[in-house]
Amino acid sequence: MIQSRILVIDDEELITRSLKQHLEQEGYEVLTAGDGEKGLEKFMTESPDLIILDLNMPGMSGMETLESMKKVKKDVTVIIITAHGDIETAVSAIKLGASDFVEKPFELDRMSIMVKKSMETVQLKKEVTYLREEKYCTYSFSNVIGESPGMKDVLKLSQKIAASDANTILIQGESGTGKSLLARTIHYHSARAQEPFVEVTCTAIPEALIESELFGHEKGAFTDAKNAKKGLFEVANGGTIYLDEIGDIQMSTQAKLLRALEERTFKKVGGLRDIRVNVRVVATTNKKDLEEAVRAGNFRADLYYRLKVFPIYIQPLRERKEDIMPLAMHYITTFNREFKKNVKGISQGARKHLLDYPWFGNARELRNVIERVCILEDTDVIYPEHLPTEIIKHIDIKSDNNNGSINIPCEGISLKNVEKDLIAQALQKSGGNQTKAAKLLEITRDTLRYKMQKYGFL
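Numbering (this note's numbering), first residue to last: 970 to 1427.
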């Protein structure tokens, strides 16, 4: 177990020796310095977790030492030792960033309690830093795989947007193209990275509750409002709020959302006071749905154009086949590490099947296929026989003389695969429009959605 390191800076040798002996008995590693200059030097070279600093020292004073440390490491944790009656100076040190102070003479047991409390804060800071670094690495632009010209343009634009002050971003693309990954990557590479990232799945919130969830409510605003509640916009203040499938927000809420975007203010349900927030809004939707909703009068045109200040469109995987193999190899690396496998590559035969398949579930479907192979197969190379049946037997089904009949090959054919393939083709021909795809298949939209969910298109 790594010992926590404490640096004691005091010109009184009796105090430094006593603290060193006492704190070492409690399991800490203790360094000492007799003046501010030597203390600052050890601070720079030894990286202590906690500083115990006397304010009244000859030469460089404690306040000067604290100021110098804060310039090097803003979040350094410092306990101040001050002479009796010098509270005003101690308060100034607290304002400068010291975590606590103790007056001389002090009891060693009291100092132990203060050190333990400060070390808990230090540990919490370390954990927060670790989590932030982990998020930064997980949601790195290098993890958004794209060799195609379209994806390179998306990454270039996204990096510019992340570094900018852009407050409203609209990411469009089919389900499974990576809209959520891109939204998080933009957040964790922006100046807002240390602030909250709040995800709102608009389809998962009942219509009656969406306004309350987004903007909060006051006590007694409606029957079940027994207490006041912050909305997600308020929770995300300073950071990013991610509105997934924004096209499902009802017209009644859209006007309030438009005001929140334009004026950065809103009222809670049942509230009278304006609440001002500073949030970046990243909204996502399927490419066609929102435009059609505007034309149909189901989505406010002014809200649509407000969201579209910085539009990003992610092409479906079938339109950027250059990305299929890099993505597949990326997923292999990921699952090798996760499942302790040693898959090294993909055979030419399997590559051909992967490149020929239309991937209507996009990158998400490809990821699921690679995950399944890595879990089920004990191989160092992926061959065609390791791939799911629907990928191996994928064919372009053509009608016979336009009469709607299908020729069954001599070796037979899977009815399930035929149905799945017909649905995929209908979605492709309709540009992802479910209503048009249902008409092409001569079924209802509800039936189509049921089958899309059944075959993993949703």
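For every residue, glycine included, the Cβ atom is placed at its ideal position computed from N, Cα and C. Computed from a prediction, not measured in an experiment: that's the story for all the values here.
* Residue of ILE1218, PRO1027 and SER1181 minimising C-alpha distance to THR1192 -> On the sequence shown, position 223 is the one that residue 1192 refers to. Considering only alpha carbons, the answer is SER1181.
* Asked: Can you list the alpha helix (DSSP H) stretches of 4 or more residues lying completely in the segment 1322-1373, in chain order?
  -> 1331-1345 and 1358-1361
* **Local conformation of ILE1315 per DSSP, three classes** => Along the sequence shown, read from residue 1 onward, the residue named residue 1315 stands at position 346. Strand at ILE1315.
* **First through last residue of the alpha helix (DSSP H) which encompasses GLU981** => Here residue 981 refers to the residue found at position 12 when the sequence shown is read from its first residue. Unbroken run through GLU981: none, as it is neither H nor E.
* To do: Pull up the DSSP beta-bridge partners for VAL1047, would you.
  => Within the sequence shown, numbered from 1, the residue matching residue 1047 stands at position 78. DSSP output for VAL1047 lists ILE1020 as bridge partner(s).
* To do: Please go through the same chain and pick out, in chain order, the residues whose beta-carbon is closer than 7 Å to the beta-carbon of THR1334, but skip the five residues on each side of it.
  => Here residue 1334 refers to the residue found at position 365 when the sequence shown is read from its first residue. First, the amino acid is wrong: residue 1334 is Glu here, not Thr. Here the set comprises GLY1145, TRP1328 and GLY1425.
* To do: Taking TYR1108 and ARG1153 to be in contact with their CB atoms under 8 Å, please state how far apart those CB atoms are, rounded to whole angstroms.
  => Walking along the sequence shown from the start, residue 1108 turns up at place 139. Walking along the sequence shown from the start, residue 1153 turns up at place 184. So it is a contact: roughly 4 Å between Cβ atoms.
* **Continuous alpha helix (DSSP H) stretch holding THR1137: start and end** => As a working mapping, residue 1137 is identified with position 168 in the sequence shown. Segment 1137-1141 is the beta strand (DSSP E) holding THR1137; no alpha helix (DSSP H) there.
* Along the alpha helix (DSSP H) that carries VAL1428, what are the first and last residues, could you check? => This structure cannot settle anything about residue 1428, because the visible part of the chain is limited to 970 through 1427.
* Asked: Leaving out the 5 sequence neighbours to the left and right, which residues in its chain are closer than 7 Å to ALA1229 when beta-carbon positions are compared?
  -> Here residue 1229 is taken as the residue at index 260 of the sequence shown, counted from 1. The answer, listed in chain order, is PHE1202 and PHE1235.
* **Nearest to TYR1352 (by Cα), restricted to the options ASN1337, LEU1323, ILE1339 and GLY1318** => Taking the first residue of the sequence shown as position 1, residue 1352 is located at position 383. Ranking ASN1337, LEU1323, ILE1339 and GLY1318 by Cα distance to TYR1352 puts GLY1318 first.
* With a cut-off of 7 Å, does the C-beta of ASP1004 fall near any C-beta of chain B? -> Of the protein chains in the structure, only one exists, and it is not chain B.
* Secondary structure at PHE1012, three-state DSSP: helix, strand or coil? -> Stepping through the sequence shown from its first residue, residue 1012 is reached at position 43. Helix.
* Asked: Is the beta carbon of ARG1414 less than 7 Å from the beta carbon of THR1404?
  -> For the purposes of this step, residue 1414 is taken as residue 445 along the sequence shown, with counting starting at 1. For the purposes of this step, residue 1404 is taken as residue 435 along the sequence shown, with counting starting at 1. Yes, these two residues count as a Cβ contact at 7 Å.
* In the structure shown, what three-state DSSP assignment does HIS1158 receive? -> Locating residue 1158 in the sequence shown gives position 189, counting from the first residue. It is coil, neither helix nor strand.
* To do: For PRO1285, count neighbouring Cβ atoms within 10 angstroms of its own Cβ and tell me buried if that reaches 16, exposed if not.
  => Position 316 of the sequence shown, counting from 1, holds the residue named residue 1285. Burial call: buried.
* **Buried or exposed by the 16-neighbour rule on C-beta atoms within 10 Å, applied to THR1302** => Looking up residue 1302 in the sequence shown gives position 333. Looking at its Cβ environment, which holds fewer than 16 other Cβ atoms inside 10 Å, THR1302 is exposed.
* To do: In angstroms with no decimal places, state the Cα-to-Cα distance between GLN1422 and ARG1269.
  => Residue numbering aside, residue 1422 sits at position 453 when the sequence shown is read from its first letter. Residue numbering aside, residue 1269 sits at position 300 when the sequence shown is read from its first letter. Their Cα atoms are separated by approximately 28 Å.
* Asked: What did DSSP end up calling GLU1411 once you bin it into helix, strand or coil?
  -> By one-based count along the sequence shown, residue 1411 stands at place 442. Coil, per DSSP.
* If we call anything under 7 Å between Cβ atoms a contact, is GLU1214 one with THR1172? -> The residue you call residue 1214 lines up with position 245 of the sequence shown. The residue you call residue 1172 lines up with position 203 of the sequence shown. Yes, these two residues count as a Cβ contact at 7 Å.
* Report yes if the C-beta distance between HIS1477 and LYS1199 is below 7 Å; otherwise report no. => Examination of residue 1477 is not possible in this model, given that the chain is present from 970 through 1427 alone.
* In the DSSP assignment, find the beta strand (DSSP E) that holds ALA1002 and state where it starts and stops. => Counted from its first residue, the sequence shown places residue 1002 at position 33. Where ALA1002 is concerned, the enclosing beta strand (DSSP E) stretches over 998-1002.
* To do: Let me know if VAL1097 comes out buried or exposed under the rule of 16 or more other beta-carbons within 10 Å of its beta-carbon.
  => Within the sequence shown, numbered from 1, the residue matching residue 1097 stands at position 128. Burial call: exposed.
* To do: With distances taken Cα to Cα, identify the nearest neighbour of ASP979 among LEU992, THR1058, ALA1002 and GLY996.
  => Along the sequence shown, one-based indexing puts residue 979 at 10. It is ALA1002.
* Reducing DSSP to helix, strand and coil, say where PHE1235 ends up. => The count along the sequence shown starts at 1 and reaches residue 1235 at position 266. Three-state result, PHE1235: strand.
* Asked: For the beta strand (DSSP E) that contains GLU1072, what are its first and last residues?
  -> Translated into positions along the sequence shown, residue 1072 becomes position 103. Element bounds for GLU1072: 1069-1072.
* To do: Given a cut-off of 7 Å, decide if LYS1095 and GLY1066 are closer than it, judged by their beta-carbon atoms.
  => Here residue 1066 is taken as the residue at index 97 of the sequence shown, counted from 1. Here residue 1095 is taken as the residue at index 126 of the sequence shown, counted from 1. Contact: no.
* To do: Could you spell out the range, first to last residue, of the beta strand (DSSP E) harbouring PHE1166?
  => For the purposes of this step, residue 1166 is taken as residue 197 along the sequence shown, with counting starting at 1. Where PHE1166 is concerned, the enclosing beta strand (DSSP E) stretches over 1166-1170.
* Give the straight-line distance between the Cα atoms of ASN1371 and GLU1359, rounded to the nearest whole angstrom. => Translated into the one-based positions of the sequence shown, residue 1371 becomes position 402. Translated into the one-based positions of the sequence shown, residue 1359 becomes position 390. Legend: pLDDT at ASN1371 = 47, less than 50; position of this residue unreliable, value from coordinates given subsequently. The straight-line gap from Cα to Cα measures roughly 25 Å.
* To do: For the beta strand (DSSP E) containing THR1254, list its first residue and its last residue.
  => The sequence position of residue 1254 within the sequence shown is 285, counting from 1. Note, THR1254: beta strand (DSSP E), 1249-1254.
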